[in-house]
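Novice:
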Amino acid sequence: MVEWIVSNIASIIILLIVAVIVGAVVFKMIRDKRKGKSSCSCGCGGCPMSDSCHGKK
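The sequence shown begins at 26 in the numbering used here and counts up one residue at a time.
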């Protein structure tokens, strides 16, 4: 087991880095969604689909 880890350490480190980046992106998307921000971060004022996304209040 240890031998396998040592022989694949570079792949394991890259996998961990990619996993952290993906986790951070997902966390930010969830946090922004809870705050009511749009996914593109530019607001819904100019979006032609804003009515279908948020509806009229």
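A virtual CB, placed ideally from N, CA and C, is assigned to each residue, including glycine.
From a predicted model like this one, the values you see are computed outputs, not experimental measurements.
So I37 and I30 are in contact, right, with Cβ under 8 Å, and what is the actual spacing, rounded?
Specialist: Your numbering for residue 37 matches position 12 in the sequence shown. Your numbering for residue 30 matches position 5 in the sequence shown. Right, their Cβ atoms sit about 7 Å apart.
Novice: Does the beta-carbon of I55, which I'm using as the reference point, lie nearer than 6 Å to any heavy atom of the ligand ZN?
Specialist: In the structure on display, the ligand ZN does not appear, and there are no ligands present to speak of.
Novice: In angstroms with no decimal places, state the Cα-to-Cα distance between A44 and D57.
Specialist: By one-based count along the sequence shown, residue 44 stands at place 19. By one-based count along the sequence shown, residue 57 stands at place 32. Going by the C-alpha atoms only, they are around 20 Å apart.
Novice: Can you tell me whether DSSP reads M54 as helix, strand or coil?
Specialist: Taking the sequence shown and counting its residues from 1, the one referred to as residue 54 is at position 29. If DSSP states are grouped into helix, strand and coil, M54 belongs with the helices.
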